[in-house]
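Participant:
Residue numbers (the numbering used here): 5 to 1038.
#1: Quick check: what's the CA-CA separation for residue 92 versus residue 647?
#2: Below 8 Å between beta carbons: does that hold for residue 725 and residue 757?
#3: Threshold first: 3 residues or longer. Then list the beta strand (DSSP E) segments lying entirely within the segment 286 to 346, N to C.
#4: Please return the same chain residues whose Cβ sits closer than 6 Å to the Cβ of residue 1036, not counting the five positions on each side in sequence.
#5: Could you check which residue in 509, 96, 31 and 172 has the C-alpha nearest to that of residue 781?
#6: Which word fits residue 8, buried or exposed, when buried means at least 16 other C-beta atoms lie within 10 angstroms of its C-beta?
#7: Kindly give me the distance between the Cβ atoms of residue 446 and residue 387, rounded to whole angstroms, as I take these residues to be in contact under 8 Å.
#8: What does a CB cutoff of less than 6 Å around residue 261 pick up in its chain, not counting 5 residues either side in sequence?
#9: Mapping DSSP to helix, strand and coil, what is residue 191?
#10: Using 10 angstroms around the beta-carbon of residue 572, count the other beta-carbons present and answer buried if the total reaches 16, otherwise exposed.
#11: Considering only residues of the same chain and omitting the five flanking positions on each side of residue 75, which have a CB-CB separation below 7 Å?
#12: In terms of DSSP beta bridges, what is residue 436 paired with?
#13: Select from 607, 544 and 539 the residue whose C-alpha is nearest the C-alpha of residue 514.
#14: What are the start and end residues of the alpha helix (DSSP H) that includes residue 387?
#15: Does residue 868 pass the burial test, meaning 16 or more other C-beta atoms within 10 Å, or should it be called exposed?
#16: I need the boundaries of the alpha helix (DSSP H) containing residue 270, first residue and last residue.
#17: Please say whether residue 382 and residue 345 have beta carbons closer to each other than 8 Å?
#18: Look up residue 494 in the DSSP assignment and give the residues it is bridged to.
#19: Using a Cβ distance threshold of 8 Å, determine whether the segment 534 to 553 contacts the segment 122 to 139, with at least three qualifying pairs required.
#20: Whose C-beta lies closer than 8 Å to the C-beta of residue 987 among residues of the same chain, with five residues either side of it excluded?
#21: Which residues in the same chain as residue 310 place their Cβ atom closer than 6 Å to its Cβ, once the five residues preceding and following it in sequence are excluded?
#22: Got a sec? Which residues, its chain only, sit under 6 Å from residue 212 by beta carbon, not counting five neighbours each side?
#23: Express the C-alpha separation of residue 472 and residue 362 in angstroms, rounding to a whole number.
#24: Between residue 470 and the rest of its own chain, which residues show a CB-CB distance below 6 Å, the 5 nearest in sequence each way excluded?
#25: Helix or strand or just coil, what does DSSP make of residue 981?
#26: Nearest by alpha-carbon distance to residue 390: which of 298, 717, 683 and 325 is it?
#27: Can you give me the Cβ contacts of residue 331 inside the same chain, cut-off strictly under 6 Å, excluding the 5 residues immediately before and after it?
#28: Could you tell me the alpha carbon to alpha carbon distance between residue 688 and residue 583, rounded to whole angstroms?
#29: Using only the alpha-carbon positions, how far apart do residue 519 and residue 533 sit?
#30: For residue 740, which three-state DSSP category applies?
#31: Taking residue 766 as the reference, which of 755, 778 and 760 has the closest Cα?
#32: Pull up the CB-CB distance for residue 503 and residue 421, whole angstroms please, since I reckon it's below 8 Å.
#33: With 16 as the cutoff for other CB atoms within 10 Å, does residue 834 come out buried or exposed?
#34: Let me confirm a value: residue 965 is counted as buried when at least 16 other C-beta atoms fall within 10 Å, else exposed. Which label applies?
#35: Please state whether DSSP places residue 957 in a helix, a strand or coil.
#36: Tell me whether residue 15 is buried or exposed, calling it buried when 16 or more other Cβ atoms sit within 10 Å of its Cβ.
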């Protein structure tokens, strides 16, 4: 009986043991950093040889079911060394990750998929979430500045909410050179200012055609792929809160003349122009003292900025979620009451494993913005332009009773302050120059926007390696604004006798549907991934605007369209747009043992923007790579631990020309009279001739590069590229007798070529670790064909004479500065008399000693418009950035510097053509006699030589600069202290932005972007900002 019982017990034990082995084993644990011992969130925990995996939560914790004992878990994260662990029991485990010395094991997003960095054959740069943490910027584009090669970012202005000009490998087209943004698989328009940077997991910059061709028709300018954060499968909820508060001030003010200096020099200019004048305008200049500091009046030295971010994430093996809320509020440093920006963001991302083979997910983000803005770069239309030019004798507020009771104050609706005193009106400066505070007082308006961007996907793995995915995305925007202009008098040429109110409402909708089939297969050392896809996109929108005059109110708050006004006091307008894109694409990637690499892409796009003759375009690319360090003949050594050569060629497109440009559209407003009728008949006429052969702009790109790791802790990436845009879309010139504008045609070609270099170095010495990363980019841009009927394309101008400042010419860069070249100043009359033409006549007969000597370029014996030539280029030849990260126990530090070189700026703030406006103190070094100056001309109210009213090299300055963009110092409390309070992490930090700028440029800010690229008319500068913040994780 005893033997039978023993047998039964043994049998039961074997059965129970088998049951245990047949069941999945629940494994949990925590991942921490070797550097500081803190938990690491977002670490990928994957069962080796399978697609099953989870991610650690904010506390570094994870939970995963493995099929059996002996299963291997692989722990990986960007920037950390990958580690494996064999499961021998179900006890909690602790994993310690060390910082990665090379990024070869990292995974990058390549468009419709991911790929290990070590086998990528295209030119792709990556910016990680850790690089963007706690960076106080209004728009994400600004946080990318200086972080990667080949990417040039120039702020449109320092005004809160303003965007940035972003170029990948130079200017690709005259029409549009903005990169394509793809957020969580959805192509979005209008920039990415709606995103909260705390929500971003990674940003990939696809720079060459081999990488970008998968996006075809809209990828000629490069692609920026943004991936937002997802939840983890740890089974726990994580909460993270980050906030910072800061104060902003202008980094530089111009040295302008004070009132005494201004009066003295005005007298001099007056005497130079009229030597026999009975008495000067200002008999006693010293009586005016310092006068009005207009810069101090419009600048704010303590503008506020604040940000709050809250995220909640978590999940389990079936479902994960990530949600966040953000609030950003920034005051401007110029005219703060008229320059503000507020943004509220909300996001919810989730993923759900329906079955082992099917998963579903979605992302949705909502953004609300409210803004008030001022002119940012205008001679007369911006606060700074007015502050620079307004004479310092005129007071901000006029308090003299004698003046208040006289004209123009007593006879006009002058603008008054809250106490009822009128703002000062200059009797010295020309009437185009206004009191900046008075102009701000009548500028009443605001703007707003609501934006929703989201997508949903379903993915099914039919058999191992074969996946079908369908994704729909939407970008829905509502935006508008309003403005009110009261009755006012600012100067003889700036007055309004009837008030007006305008309001506009607009909406846009972009939707996309993308279906893909992918198959991944490995046969021994041969690895294949094939992708087939179809995409359909539609973009449409509309807007309406209404303007009322003569409302019975005097301010924006009370203004409304509900008021009944006469028909002749009402006006309105509107617009619509609609375009579609249908595409099919395929990609094949292959590698042999991760040694020999190949990628081929083909995409076919059909766009509604082109006529039936050229509606479809084909965009192929091919790239290959060779990891030579995997070859048996390559000696194993500690100097070169990884070396990959790669090359690519591809073609991408650009269809950004507006809708229906291949047709001859008609517009109203062409009213006419007929016969003897005295009235007007409503008429329409064609806008331009049609062109059914209109086709795509195509950009072909050749790229050769290498990726290397040296000494196992130095990373190196180098690229040389050349890309040519063919068939740029411009209007064709037609003879005047045609009676209409010419059609749009493919008539111009453009080339960009350059070299890029990225270096990184990691080092750890005990508890101290640091990383240095640097990048640099050289780029040259030139027009190689401009059409048989065009010699040049016009560009920017300066007022009031509408003088041309930039021009695009064959053989030169787009938007180059164009004007007269100078050869110093005439020091005496003899030099003027000796500057003769072949006939013996004076080349500059109106010149006086102290005037500019202009070069007779064409040799015709006189200075005329034909002597103008290219005198500078606003686009940098070289851009660079350097980042230094360091950590010691709980302390950390980040320093980011960036700069440009080889570009010029046209400084129109040196006063261009109004001798009665104020000057910078550079005028104190003017020519006052022979040998006193060879750069700053004499002062005169009668500029017969056109020293200041010609666009010349006198106004061209070196725009090179280096800027300490960010300095951040933080301290994280020890984990053993915070854990007692149930807090995972508490970090305090201090930060400064735009701390130091080294430049020879004499204006406010050498970084001048937007529509006035490189032309400084009184540019709204970026602020120097100081912050204090705290980050708390639960």
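Built from N, CA and C at the ideal position, the CB exists for glycine as well.
Facilitator: Here's the rundown:
#1: 37 Å
#2: yes
#3: 307 to 319 and 323 to 335
#4: 245 and 990
#5: Residue 781 has its Cα closest to that of 172, out of 509, 96, 31 and 172.
#6: Note that residue 8 scores a pLDDT of 45, beneath 50, so its modelled location is shaky and nothing firm can be said.
#7: With a Cβ gap of about 13 Å, residue 446 and residue 387 do not count as contacting.
#8: 922 and 923
#9: strand
#10: exposed
#11: Excluding positions up to five away in sequence, the list reads 51 and 91.
#12: DSSP lists no partner for residue 436.
#13: 544
#14: For residue 387, the enclosing alpha helix (DSSP H) starts and ends at 387 to 393.
#15: exposed
#16: 263 to 277
#17: no
#18: DSSP lists no partner for residue 494.
#19: Two segments are said to touch when three or more pairs of C-beta atoms, one from each, lie closer than 8 Å; by this definition the segment 534 to 553 does not touch the segment 122 to 139.
#20: 1036, 1037 and 1038
#21: 249 and 333.
#22: Answer for residue 212: 126, 127, 652, 705 and 707, listed in chain order.
#23: 10 Å
#24: 523
#25: Residue state, collapsed to three classes: helix.
#26: Ranking 298, 717, 683 and 325 by CA distance to the CA of residue 390 puts 298 first.
#27: 312 and 348
#28: If you take the alpha carbons of residue 688 and residue 583, they lie about 24 Å apart.
#29: 16 Å
#30: helix
#31: For residue 766, the nearest C-alpha among the options comes from 778.
#32: 19 Å between Cβ atoms; not a contact.
#33: A residue is called buried once 16 or more other Cβ atoms fall within 10 Å of its Cβ, and residue 834, having fewer, is exposed.
#34: It is buried - the Cβ of residue 965 has at least 16 other Cβ atoms within 10 Å.
#35: Residue 957 falls in the helix class under three-state DSSP.
#36: Per-residue confidence for residue 15 stands at a pLDDT of 37, beneath the threshold of 50, marking its modelled position as unreliable; the derived number appears in the next sentence. Exposed is the call here.
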